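A.B. asks: I am attaching a structure below and will ask some questions about it afterwards.
Here is the structure:
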């Protein structure tokens, strides 16, 4: 899959509805077009989308004409792989367009239907090409070498073919692979159900803000309220937000449980010993990398416990609760950063990456790559979605905060990574593993933070930035490892034959949550509901890569800021490498 979406959560805003006095979320039509992405770069109309959908169906049919013939010659094998790739380029153009249109308003039934159509087409595509991998694994090493000698263009696929053959023990027969492909709509079900609940159906209600005004709560505003100096507002926001998920408690528990069982099904069908092994093996990541991360953080939780004690002391509270974990420790220096200011600061802060990088980043800002502001029904959080047929797209829910600015720099890091990989690599290698993708995004944040600290106007602003930086370390490193431990434990539960439910999820999460934050944190009754609202848990063993990438990005940024010219060259080569090597090899080439 060469189209990839990478995610991050952020905060958001709204406008006041004069008739009710309640601060409501804007309609999309109220936002200036220059702050919206240009999906017409893919298709100027849905009718054009339909024409390409018909074309892709025809191309999928041609793939099947290669079945049973791949070992006949290098030319036939090359033609099959090339046609599959050309089909994939056009398919993912269709796929991304439908999903981005849906994310403009997840309540739009028209684009819900289009997304369902393309999901069904994905299953047909997977089914049609399901014979390719088994047939390649059946080719002997000697014959494959001869095929490359006879048809040198096949060497384009050297790494791809090596990757397939590395996974030979986990590739099934053609008929079994076809069954796995046919299960695509079923295995995608849990994440799709969660998305509809989380982005379309759930309503969070209203709370009273610091000024006594009624405000409609959203995911974006929720994070902002957790930074309020008014403890009553923080507590009310967390209680109201959690209550919304409690309404769907059993449904969310069943949805996440089904997702975990899906992972178990796939891992056992492909003859892996565990869900973790199956997930890591896709990128050739040793399990020791994951285990070492977990064990190392466990051994140093005292650092987080001391941070909790520091928060309690500075905030001067009798008990530290989860709603106290996000308020800035230097609140009076809180910074407001508009979107236009943010793009200027980001472009200045990323100067260590060179003129070409910054020029391309500004092109992304000015050329319709980014959908900036929150609106009614819009997809939550933030992500970058790469697409080979045009350019990457970035979804934001920008709300004029420092956190939003850093999130924007993060997502633009993903977009630039995709941009450079696309320029340098053929389609088959133009993507990138999450293991490397998060390095490209987090390096941007590290460079931007250094820039902001250097230009801080006074001691209070610098203290605020350092407080924010510390909070980012907690969120990007410790919290993601906490999530990883939860993920690991729930998968072990099903592997050992124990059932899952909303209550089981909450019990496991609560225990890990308390372990990480230590005795100073007093958990509330609803604190463990958080485990049922994390979209990343539907992307198996995704979140640990935030922590590994943070460590790598910190090192790279330090080298770049020291003026290490060789490091800059290695880093730019890293951005251009795509999936031409295994992720750990690509990182090693970057100097990590």
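In our numbering, the protein residues as written are 94 to 685.
Don't be surprised by glycine CBs; every beta carbon is placed ideally from N, CA and C.
No experiment lies behind these values; they were computed from the predicted model shown.
In the DSSP assignment, what residue or residues form a beta bridge with residue 413?
C.D. replies: The count along the chain shown starts at 1 and reaches residue 413 at position 320. Residue 413 pairs with 614.
A.B. asks: Tell me whether the region 637 to 652 and the region 520 to 538 touch, counting them as touching only if at least three CB pairs, one residue from each stretch, are closer than 8 Å.
C.D. replies: Contact between the region 637 to 652 and the region 520 to 538 is present, because at least three Cβ pairs lie under 8 Å.
A.B. asks: What is the DSSP secondary structure of residue 675, counted as helix, strand or coil?
C.D. replies: Here residue 675 corresponds to residue number 582 of the chain shown, with the count starting at 1. Residue state, collapsed to three classes: coil.
A.B. asks: Between the Cα of residue 614 and those of 255, 399 and 267, spot the shortest distance and give me the residue it belongs to.
C.D. replies: Residue 614 sits at position 521 when you count from the first residue of the chain shown. Answer by Cα proximity: 399.
A.B. asks: How many Å lie between residue 606 and residue 575 at the Cα?
C.D. replies: Within the chain shown, the letter at position 513 stands for residue 606. Within the chain shown, the letter at position 482 stands for residue 575. C-alpha separation (whole angstroms): 7 Å.
A.B. asks: In whole angstroms, what separates the C-alpha of residue 194 from that of residue 555?
C.D. replies: Reading the chain shown from its first residue, position 101 is the one you call residue 194. Reading the chain shown from its first residue, position 462 is the one you call residue 555. Computed Cα separation, rounded: 40 Å.
A.B. asks: For residue 381 and residue 679, what's the separation of their Cα atoms in angstroms?
C.D. replies: Numbered from 1 along the chain shown, position 288 holds the residue referred to as residue 381. Numbered from 1 along the chain shown, position 586 holds the residue referred to as residue 679. Residue 381 and residue 679: Cα-Cα distance of roughly 18 Å.
A.B. asks: Going straight from the alpha carbon of residue 214 to that of residue 120, what length do you get?
C.D. replies: On the chain shown, residue 214 is found 121 positions in, with the first residue counted as 1. On the chain shown, residue 120 is found 27 positions in, with the first residue counted as 1. Roughly 31 Å separates the two Cα atoms.
A.B. asks: So the candidates are 230, 189 and 249; which of them puts its Cα closest to the Cα of residue 724?
C.D. replies: In the structure as shown, the chain starts at 94 and stops at 685, and residue 724 therefore has no counterpart that could be examined.
A.B. asks: If you draw a straight line from the alpha carbon of residue 352 to that of residue 470, how long is it in whole angstroms?
C.D. replies: For the purposes of this step, residue 352 is taken as residue 259 along the chain shown, with counting starting at 1. For the purposes of this step, residue 470 is taken as residue 377 along the chain shown, with counting starting at 1. Roughly 24 Å separates the two Cα atoms.
A.B. asks: Please report the distance separating the alpha-carbon of residue 201 from that of residue 646.
C.D. replies: As a first step, residue 201 must be located in the chain shown, where it is residue number 108. As a first step, residue 646 must be located in the chain shown, where it is residue number 553. One C-alpha to the other measures close to 39 Å.
A.B. asks: How many angstroms separate the CA atom of residue 114 from the CA atom of residue 307?
C.D. replies: Translated into the one-based positions of the chain shown, residue 114 becomes position 21. Translated into the one-based positions of the chain shown, residue 307 becomes position 214. Unreliable placement is indicated for residue 114, whose pLDDT of 43 sits below 50; the coordinate value is still reported in the next sentence. The alpha-carbon atoms of residue 114 and residue 307 are separated by roughly 7 Å.
A.B. asks: Would you give the residue range spanned by the alpha helix (DSSP H) that residue 388 belongs to?
C.D. replies: As a first step, residue 388 is located in the chain shown; it is residue number 295 there, counting from the start. Looking at the DSSP string, the run of the alpha helix (DSSP H) that includes residue 388 is 380 to 392.
A.B. asks: What is the rounded straight-line gap between the Cα of residue 439 and the Cα of residue 487?
C.D. replies: Here the question's residue 439 lines up with position 346 in the chain shown. Here the question's residue 487 lines up with position 394 in the chain shown. Distance between the alpha carbons of residue 439 and residue 487: 15 Å.
A.B. asks: Please confirm whether residue 584 and residue 356 have their CB atoms less than 9 Å apart.
C.D. replies: Counting from one through the chain shown, the residue named residue 584 turns up at place 491. Counting from one through the chain shown, the residue named residue 356 turns up at place 263. In contact: residue 584 and residue 356 (Cβ atoms closer than 9 Å).
A.B. asks: What are the boundary residues of the beta strand (DSSP E) that includes residue 299?
C.D. replies: Stepping through the chain shown from its first residue, residue 299 is reached at position 206. Residue 299 -> beta strand (DSSP E) spans 299 to 301.
A.B. asks: With a threshold of 9 Å between beta-carbons, can residue 376 be considered close to chain D, or not?
C.D. replies: In the structure shown, chain D does not exist; there is a single protein chain.
A.B. asks: Which whole runs of the alpha helix (DSSP H) in the region 590 to 678 are 4 residues long or more, in chain order?
C.D. replies: Correct list: 595 to 610, 637 to 654 and 658 to 670.
A.B. asks: Kindly indicate which three-state DSSP category residue 354 falls into: helix, strand or coil?
C.D. replies: As a working note, residue 354 is residue 261 in the chain shown. Here residue 354 sits in helix by DSSP.
A.B. asks: Are the CB atoms of residue 315 and residue 341 nearer to each other than 9 Å?
C.D. replies: Locating residue 315 in the chain shown gives position 222, where the first residue counts as 1. Locating residue 341 in the chain shown gives position 248, where the first residue counts as 1. Taking 9 Å as the Cβ cut-off, residue 315 and residue 341 do not qualify as a contacting pair.
A.B. asks: Report back the beta-carbon spacing between residue 428 and residue 495 to the nearest angstrom; my notes put them in contact at under 8 Å.
C.D. replies: Mapped onto the chain shown, residue 428 falls at position 335. Mapped onto the chain shown, residue 495 falls at position 402. Sure, about 5 Å apart at Cβ, within 8 Å.
A.B. asks: The ligand SAH heavy atoms versus the CB of residue 677: any closer than 8 Å?
C.D. replies: Within the structure as shown, the ligand SAH is missing, as the structure has no ligands at all.
A.B. asks: Please report how far the alpha carbon of residue 362 lies from the alpha carbon of residue 384, in whole angstroms.
C.D. replies: Residue mapping note: residue 362 aligns to position 269 of the chain shown, counting from 1. Residue mapping note: residue 384 aligns to position 291 of the chain shown, counting from 1. Those two C-alpha atoms are separated by around 24 Å.
A.B. asks: In this structure, does DSSP put residue 162 in helix, strand or coil?
C.D. replies: Numbered from its first residue, the chain shown carries residue 162 at position 69. Reduced to three states, the DSSP call for residue 162 is coil.
A.B. asks: Hey, could you find the ends of the alpha helix (DSSP H) residue 182 is sitting in?
C.D. replies: Looking up residue 182 in the chain shown gives position 89. Looking at the DSSP string, the run of the alpha helix (DSSP H) that includes residue 182 is 167 to 197.
A.B. asks: What number of angstroms, rounded off, separates the C-alpha of residue 608 from the C-alpha of residue 412?
C.D. replies: Looking up residue 608 in the chain shown gives position 515. Looking up residue 412 in the chain shown gives position 319. Their backbone Cα atoms lie some 17 Å apart in a straight line.
A.B. asks: Would you call residue 186 buried or exposed, if buried means 16 or more other Cβ atoms sit within 10 Å of its Cβ?
C.D. replies: Translated into positions along the chain shown, residue 186 becomes position 93. When all chains shown are included, residue 186 counts as buried.
A.B. asks: Straight-line CA distance for residue 164 to residue 274?
C.D. replies: Working through the chain shown from its first residue, we reach residue 164 at position 71. Working through the chain shown from its first residue, we reach residue 274 at position 181. Between residue 164 and residue 274, the C-alpha separation is close to 22 Å.
A.B. asks: DSSP state of residue 260, grouped into three classes?
C.D. replies: For the purposes of this step, residue 260 is identified with residue 167 of the chain shown, where counting begins at 1. Coil at residue 260, not helix or strand.
A.B. asks: Identify, in the order they occur along the chain, each residue of the same chain with its Cβ nearer than 6 Å to the Cβ of residue 128, setting aside the five sequence neighbours on each side.
C.D. replies: Here residue 128 corresponds to residue number 35 of the chain shown, with the count starting at 1. Same-chain partners within the cutoff: 465 and 466.
A.B. asks: Considering only residues of the same chain and omitting the five flanking positions on each side of residue 136, which have a CB-CB separation below 6 Å?
C.D. replies: Along the chain shown, one-based indexing puts residue 136 at 43. Cβ neighbours of residue 136 beyond the five flanking positions: 142 and 190.
A.B. asks: Applying the 10 Å Cβ sphere with the 16-neighbour rule, what's the burial state of residue 516?
C.D. replies: For the purposes of this step, residue 516 is taken as residue 423 along the chain shown, with counting starting at 1. Residue 516 should be labelled exposed.
A.B. asks: Report yes if the C-beta distance between residue 420 and residue 322 is below 9 Å; otherwise report no.
C.D. replies: Along the chain shown, one-based indexing puts residue 420 at 327. Along the chain shown, one-based indexing puts residue 322 at 229. In contact: residue 420 and residue 322 (Cβ atoms closer than 9 Å).
A.B. asks: Between residue 474 and residue 130, which are expected to be in contact by the criterion C-beta below 8 Å, what is the C-beta distance as a whole number of angstroms?
C.D. replies: Locating residue 474 in the chain shown gives position 381, where the first residue counts as 1. Locating residue 130 in the chain shown gives position 37, where the first residue counts as 1. Residue 474 to residue 130, Cβ: 15 Å. No contact.
A.B. asks: Alpha carbon to alpha carbon, how far is residue 544 from residue 561?
C.D. replies: Within the chain shown, the letter at position 451 stands for residue 544. Within the chain shown, the letter at position 468 stands for residue 561. Their Cα atoms are separated by approximately 14 Å.
A.B. asks: By Cβ distance, which residues of its chain are closer than 6 Å to residue 523, with the 5 residues on each side in sequence left out?
C.D. replies: Here residue 523 refers to the residue found at position 430 of the chain shown. Within the same chain, residue 523 has close Cβ partners 95, 481, 514, 515 and 671.
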